[in-house]
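> Residue 23 in this note's numbering sits at position 14 of the sequence shown, and the numbers go up by one each step.
Beta carbons: idealized from backbone N, C-alpha and C, even for Gly.
Below is a structure I'd like to ask you about.
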Amino acid sequence: MKKQTYNLFTIIVMIAAVLRITFMTISIPSLIFSDLLVEPDPTGIANNTTTDPSYGTGNNTTTDPSYGTGNNYLDPFGDNPFWNSSNYFPHGSAGEIDGTTIVVSIFASDPYSDWDSSRDAKTIANIKKYLSIAGDYLEDVVSDYGKTATFITDFEANPDLRYDMYFEDQLTDPDYLDYGDIDYDVWEYIYDNIDQSELMTEFNADNVIYMVMVNSDESNEAITCTRNWYDGMPYEYEIIYLYNIDYEEVNCPAVYAHEMLHAFGAPDLYAESEDFRIDEDFLSYVEENMYNDIMLTCTDLSSYEYNYRNVTNEVGEVTAYYVGLTDHSDIVDEWNLRESEHLE
Ligand SMILES: [Zn+2]
């Protein structure tokens with residue numbers, strides 16, 4: 010862990026806290042993480058995605074209660090294929106980060122955007138590189154805790170890790186994402202087209218993360234986010250929706266790593282979450298004391314920009330606890346945050 014100093018970022022955070030200015034009102038999107046600025050659900054409807062597509066309030070990472078209470082998310086395709094299956098995972102398809110994880114890249118097209126192997130060769134090569142950097146970073150993080158992780162992300166060397174999916178709805182329509190309709194389409198696609206158990210056998214993998222790659226441009230208003238599994242959801246797939254560009258910037262490797270950590274159970278550390286009992290006071294504590302945590306920021310704090318060469322943000326003890334690298338966190342205890350799902 011880096012020694013914590015009061016740098017410019019911290020000062021901005023402290024001033025913002027004092028003045029109760031949210032990051033949303035400071036017009037510095039490059040300082041912000043991929044999925045911070047999600048507007049609350051304007052309808053106020055307590056649907057499956059509540060106040061944000063999953064992400065803003067951190068309820069993506071566990072018990073959005075409507076998933077488990079008999080609404081339309083329950084078993085939309087008939088008998089649940091996993092609840093009675095030997096392939097059932099108690100924590101979704103990404104359970105324990107110390108192990109082998111395969112990242113399945115699903116290149117997504119819709120009536121407005123698609124992927125062209127020639128035209129988009131550079132973008133696709135960058136995505137492959139950022140996935141690799143994120144995987145290497147997470148391997149190092151796990152290693153710091155005396156455990157071993159392997160991330161297999163290369164969808165060119167391993168063509169079985171690449172799929173192409175066509176969507177009839179517009180992928181950059183925030184409503185399609187925010188109201189969870191996209192989840193149904195992707196769940197169904199994976200179930201029909203990807204033999205997860207065969208892939209896991211092929212790669213001797215313990216975990217699977219699905220990453221839906223969207224070829225968005227600067228006009229995109231949808232935000233990169235993760236739909237992760239929790240008890241009561243119909244399918245176990247851990248799905249990241251990766252918009253190549255959101256907030257008018259190409260997402261960097263730290264964003265990939267941030268989302269992957271969601272898949273293993275990490276909450277956002279920039280938004281209140283009833284489920285995790287993350288409140289305004291705790292967020293202030295994070296901003297002052299854990300200001301470089303990757304679940305708070307994906308910006309390189311030495312340049313205040315995204316870093317496309319490596320990840321300089323940290324996995325602090327709270328995040329380590331929630332992804333199962335430790336079974337205890339003093340900070341979690343002190344703030345009476347929720348127990349890690351890995352201990353349940
Ligand atoms: Zn997040």
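Quick one: what's got a C-beta closer than 6 Å to E268's C-beta in the same chain, skipping five residues either side?
Excluding residues within five positions, the ones whose Cβ falls inside 6 Å are T235 and I249.
> Exposed or buried, which one is P168 when buried takes at least 16 other CB atoms within 10 Å?
Exposed, since its Cβ has fewer than 16 Cβ neighbours within 10 Å.
> Using a Cβ-Cβ cut-off of 6 Å (strictly less than) and excluding sequence neighbours within five positions of V223, which residues of its own chain qualify?
Cβ neighbours of V223 beyond the five flanking positions: A117, L180 and Y252.
> Taking contact to mean 3 or more Cβ pairs, one atom from each stretch, closer than 8 Å, check whether the segment 306-314 and the segment 280-287 are in contact.
No, they do not touch.
> Answer yes if the segment 258-268 comes into contact with the segment 317-326, meaning at least three C-beta pairs across the two stretches below 8 Å, and no otherwise.
Short answer: they touch.
> Please report how far the alpha carbon of Y315 lies from the alpha carbon of T306, in whole angstroms.
The alpha-carbon atoms of Y315 and T306 are separated by roughly 10 Å.
> Would DSSP call G144 helix, strand or coil?
In the structure shown, G144 sits in a helix (DSSP, three-state: H, G or I).
> Is Y265 helix, strand or coil by DSSP?
Note: Y265 maps to helix in three-state DSSP.
> On the DSSP letters alone, give me the boundaries of the alpha helix (DSSP H) that N202 sits inside.
Looking at the DSSP string, the run of the alpha helix (DSSP H) that includes N202 is D190 to N202.
> What are the partner residues of L251, as DSSP defines its beta bridges?
Paired residue(s): M222.
> Does the beta-carbon distance from Y246 to S102 come in below 7 Å?
Yes, they are a contact pair.
> So N216 and T110 are in contact, right, with Cβ under 8 Å, and what is the actual spacing, rounded?
4 Å between Cβ atoms; contact.
> With C-beta atoms as the reference, is N229 less than 7 Å away from I254?
A contact, by the Cβ cut-off of 7 Å.
> Following the continuous beta strand (DSSP E) through T235, name the residue where it begins and the one where it ends.
Counting along the chain, the beta strand (DSSP E) containing T235 begins and ends at C234 to R236.
> Please say whether T328 and A275 have beta carbons closer to each other than 7 Å?
Contact flag set, yes.
> Round the Cβ separation of V151 and D107 to the nearest angstrom and send it over; I've been treating them as touching at under 8 Å.
With 8 Å as the limit, V151 and D107 qualify as a contact, their Cβ atoms being about 5 Å apart.
> Using the Cβ count rule (16 or more neighbours within 10 Å means buried), how would you classify L292?
Buried is the call here.
> Under 8 Å by Cβ, that's how I've got M304 and L270 pegged, so tell me the actual separation to the nearest angstrom.
Indeed, because the Cβ distance is near 6 Å, the residues count as touching under 8 Å.
> Using only CA atoms, which one of E297, E177 and G333 lies nearest to A272?
Answer by Cα proximity: G333.
> Which same chain residues end up closer than 6 Å to L278 when comparing Cβ atoms and leaving out the 5 residues on each side of it in sequence?
Within the same chain, L278 has close Cβ partners V295, D302, M304 and L305.
> Given 6 Å as the limit, tell me if D277 has its C-beta closer than that to any heavy atom belonging to ligand 1.
For ligand 1, at least one heavy atom lies less than 6 Å from the Cβ of D277.
> So, Y200 versus M174, is the Cβ gap smaller than 7 Å?
Contact: no.
> Could you check if G155 is buried or exposed, using at least 16 other CB atoms within 10 Å of its CB as the buried criterion?
Flag for G155 reads exposed.
> Quick check: the Cα distance between F212 and E289, rounded to an integer number of angstroms?
Cα-Cα distance, rounded: 42 Å.
> Provide the residue span of the beta strand (DSSP E) that contains D187, from first to last.
Segment P183 to D187 is the alpha helix (DSSP H) holding D187; no beta strand (DSSP E) there.
> Reducing DSSP to helix, strand and coil, say where G77 ends up.
Note that G77 scores 34 on pLDDT, short of 50, meaning its location in the model is unreliable and no value can be drawn from it.
> In three-state terms, what does DSSP make of L334?
Coil, per DSSP.
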